[in-house]
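What follows is a short report on a single structure.
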Amino acid sequence: MPTSLKVTFTGGGDTALAARLELPDGAEPRAYAIFAHCFTCGKDAVAASRIARALTDHGIAVLRFDFTGLGQSGGDFGNTGFSSNVQDLVAAADYLRAEHAAPSLLVGHSLGGAAVLAARHLVPEVRAVATIGAPADPSHVAHLLRDARDTIEREGEATVSLGGRDFCVRRSFLADIADQPQAERIRDLKAALLVMHSPQDEVVGVDNARQIFDTARHPKSFVSLDGADHLLTRRPDAEYAALVLAAWASRYLPSKDSKDSVAEAQQTNFEVPQDTAVIVTETGTGALQQLITAGRHHLVADEPVPIGGDTGPNPYDLLLAALGACTSMTLRMYADRKSLPLEKVTVALRHDRIHAKDCEECESTAGFIDRIDRVVQLEGPLTQEQRARLLEIADKCPVHRTLTSETVIHTSLHSDDQALTGEQ
451 MPTSLKVTFT GGGDTALAAR LELPDGAEPR AYAIFAHCFT CGKDAVAASR
501 IARALTDHGI AVLRFDFTGL GQSGGDFGNT GFSSNVQDLV AAADYLRAEH
551 AAPSLLVGHS LGGAAVLAAR HLVPEVRAVA TIGAPADPSH VAHLLRDARD
601 TIEREGEATV SLGGRDFCVR RSFLADIADQ PQAERIRDLK AALLVMHSPQ
651 DEVVGVDNAR QIFDTARHPK SFVSLDGADH LLTRRPDAEY AALVLAAWAS
701 RYLPSKDSKD SVAEAQQTNF EVPQDTAVIV TETGTGALQQ LITAGRHHLV
751 ADEPVPIGGD TGPNPYDLLL AALGACTSMT LRMYADRKSL PLEKVTVALR
801 HDRIHAKDCE ECESTAGFID RIDRVVQLEG PLTQEQRARL LEIADKCPVH
851 RTLTSETVIH TSLHSDDQAL TGEQ
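In structure tokens:
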């Protein structure tokens, strides 16, 4: 029998989320998955529990959890929205990455399906995504609110009865589901996609599945759950969906002896010094994709096609991002300290390699040099003197000073590599 563990982790809103981790019986999981439940449902819904158990039969561990404000999780449902659900999914991935291995598969039911499509881009290790009865756009869920919608728009919130339970829904929820670039996310998913939907679904019409499938790029598959209701309440329907999903996922997840997954790359014997700020490791996806870990934060770097897969910013983009972020933060701290009426900072940057002879302010006169153009936009009722002073402060940001001062980079081999090469 599979092992089922009760666990908790901190969600995107810093609240404790209740979860259950299903592990294969007596064997190391070949991969990890996350299951996202339907709108106002919970981790113990029929579809969630049966699909999780079916995946464990194929060696896949599954984490299913209650979103913020639902089930046994903490937090106020009224303060949540689609974006917070996505944040909870990313937090679940962070938990698996820290405690076990990063998830390779995301599965979402109904609005949870829309959430996993949105979260895929924030969990770079994911290779496959499956949706069950999912809306093509999160705003579809607004129709469930029916007559309460006018009250929410007028008064800011209303109590809505869903599935026999009362929930507080606020105006911010409607604004959040209406402001999601879901089609763009689906089109640029960069993962295998399985769309499962019942033609008889009366909650989320099957036309949503067509929209998702038509928008997505290959590899993609569609499976009809003919005769099933939206919640897959009939055991045969849930079991059929689970078996199909498990068989499909096996094609895209790493085998037990795979050496190219990010999870396995993170589980090597590499001993990281305690004061290390950033770790970069190859993911094995594409030719050049890299996973960057900075504390509890994760992002992907890549090169544009045809050299790489264009799955993330390239190294120079990241360099410019560091300078831009540091510039903006430095200006904000200075303005706040001096009580300047600075409302917003925007920094645009570009990197070029130019001939030294074309650079009037450079000491070098031969060869090529690196040039970064930085344009700072300051919004707010600032005087000309204040703007001039802020422009001076921009050059004092720590990253700017690092880039324009003498920098020493010391490179050494990890101890295992030294042993292999005979270096001491």
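So for the sequence shown, this note's numbering puts the first residue at 451; every next one is plus one.
C-beta atoms are modelled at their ideal positions from N, C-alpha and C, and glycine is treated no differently.
No experiment lies behind these values; they were computed from the predicted model shown.
Can you tell me where the alpha helix (DSSP H) holding residue i begins and where it ends?
i	result
Glu634	Gln632 to Arg637
Tyr690	Arg685 to Ser700
Leu567	Leu561 to Ala569
Ser878	An answer regarding residue 878 cannot be provided, because it is not within the stretch 451 to 874 covered by the chain.
His623	According to the sequence provided, residue 623 is Phe. The question's His does not apply to it. Arg621 to Ala628 is the extent of the alpha helix (DSSP H) around Phe623.
Val849	Pro848 to Thr854
Ala659	Asp657 to Thr665
Assuming residue i contacts residue j (C-beta within less than 8 Å), just tell me the rounded distance between them.
i	j	result
Gln630	Pro574	With 8 Å as the limit, Gln630 and Pro574 do not qualify as a contact, their Cβ atoms being about 20 Å apart.
Ala692	Gln650	In fact, because the Cβ distance is near 19 Å, the residues do not count as touching under 8 Å.
Ala569	Gln632	About 12 Å separates the two Cβ atoms, so there is no contact after all.
Leu799	Ile819	Incorrect: roughly 16 Å between the Cβ atoms, too far for contact.
Arg480	Leu703	6 Å
Ala565	Val610	Contact doesn't hold; Cβ gap of about 19 Å is too wide.
Arg637	Ala666	7 Å
Hey, could you find the ends of the beta strand (DSSP E) residue i is sitting in?
i	result
Ser671	Lys670 to Ser674
Asp544	First-last for Asp544: Phe532 to Glu549, but that is the alpha helix (DSSP H), not the beta strand (DSSP E).
Val730	Ile729 to Glu732
Arg470	Ala466 to Leu473
Phe818	Phe818 to Glu829
Thr581	Ala578 to Ile582
His647	Ala642 to His647
Could you tell me if residue i is buried or exposed, where buried requires 16 or more neighbouring beta carbons within 10 angstroms of its beta carbon?
i	result
Ser499	buried
Arg577	buried
Leu863	exposed
His680	buried
Ile859	exposed
His487	buried
Thr506	buried
Gly562	buried
Val540	buried
Thr683	exposed
Arg762	Note on identity: in this sequence residue 762 is Gly, with Arg being the wrong assignment. Label assigned to Gly762: buried.
Glu753	buried
Val825	exposed
His571	buried
Leu455	exposed
Asp600	exposed
Is residue i helix, strand or coil when you go by DSSP?
i	result
Gln790	Per the sequence presented here, residue 790 reads as Leu, with Gln not at that position. Coil, per DSSP.
Thr781	In the sequence as presented, Thr is not what sits at residue 781; that position holds Leu. Looking at Leu781 - three-state DSSP - the assignment turns out to be helix.
Ser708	Low confidence applies to Ser708: its pLDDT is 41, below 50, so where it sits in the model is not reliable, and the reading given next is rough at best. Coil.
Cys488	coil
Ile843	helix
Thr558	Before going further, note that residue 558 is Gly rather than Thr in the sequence given. Looking at Gly558 - three-state DSSP - the assignment turns out to be strand.
Ala511	strand
Leu741	strand
Thr518	coil
Asp494	coil
Glu605	helix
Val858	coil
Leu749	strand
Thr833	coil
Thr506	helix
Asp600	helix
His590	helix
Leu770	helix
With hydrogens ignored, establish whether the beta-carbon of residue i is closer than 6 Å to any heavy atom of the ligand ADP.
i	result
Asp516	As presented, the structure is devoid of all ligands, the ligand ADP included, so that no description of it is given.
Examine chain E for any beta-carbon lying closer than 7 Å to the beta-carbon of residue i, and answer yes or no.
i	result
Ala542	Among the chains of the structure shown, chain E does not appear; only one protein chain is present.
*Specify whether the stretch 830 to 842 and the stretch 789 to 796 touch according to this definition: at least 3 beta carbon pairs, one from each stretch, less than 8 Å apart.*
Contact holds: three or more Cβ-Cβ distances are below 8 Å.
_Inter-stretch contact (C-beta, 8 Å, three-pair minimum) for the stretch 634 to 648 and the stretch 664 to 683_ = For the pair of segments examined, the stretch 634 to 648 was found to touch the stretch 664 to 683: the number of CB pairs separated by less than 8 Å reaches three.
*Kindly confirm or deny that the stretch 456 to 476 and the stretch 498 to 516 touch, where touching means at least three C-beta pairs closer than 8 Å.*
Of all C-beta pairs linking the stretch 456 to 476 to the stretch 498 to 516, three or more are shorter than 8 Å, placing the two stretches in contact.
*asked:* Check whether the stretch 548 to 558 and the stretch 523 to 535 touch, using three or more Cβ-Cβ pairs below 8 Å as the test.
replied: No, the stretch 548 to 558 does not touch the stretch 523 to 535.
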